[in-house]
Amino acid sequence: MKTISYIALCFALSSTIVLPSYAQTKADEEAIRAVADNILAQPVTQFVGVDDGTVYHSTVEIPKGKDVRFKSPLTEWHYSNGVLDMV
């Protein structure tokens, strides 16, 4: 009888440890996939004119002397992306 009680106790404790961690993993994967899908949906090579908002699809289309920025903020280089993440 003690053996059956011990096995039942071990099963109950293991299920309280395993099941929540599985649920957390599933939620983490869904969150990561949502973020990745959003990043992949962003335009990579589009530029926007600073003063008029004109969208340029390549650097060839940008008039000389025109100030532009990346259309997607994810394309911009930041110190934290380029230097701090190399460590």
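50 is the number that the numbering used here gives to position 68 of the sequence shown; each next residue is one higher, with no gaps.
Note that beta-carbon positions come from the ideal geometry of N, C-alpha and C, so glycine has one too.
From a predicted model like this one, the values you see are computed outputs, not experimental measurements.
Give me, in chain order, the residues of the same chain whose beta-carbon lies closer than 7 Å to that of residue i; leave out the 5 immediate sequence neighbours on both sides.
i          : result
residue 21 : 56
residue 52 : 29 and 58
Taking the C-alpha atoms as reference points, what is the distance between residue i and residue j?
i          : j          : result
residue 13 : residue 54 : 20 Å
residue 27 : residue 9  : 32 Å
residue 24 : residue 16 : 13 Å
residue 44 : residue 35 : 12 Å
residue 39 : residue 46 : 15 Å
Would residue i and residue j be called neighbours here (beta carbons separated by less than 9 Å)?
i          : j          : result
residue 49 : residue 32 : yes
Item to check | Within the region 0 to 44, ranges of the beta strand (DSSP E) (whole runs, at least 3 residues) | outcome: Unbroken beta strand (DSSP E) runs of no fewer than 3 residues, entirely contained in the region 0 to 44, are found at 29 to 31, following chain order.
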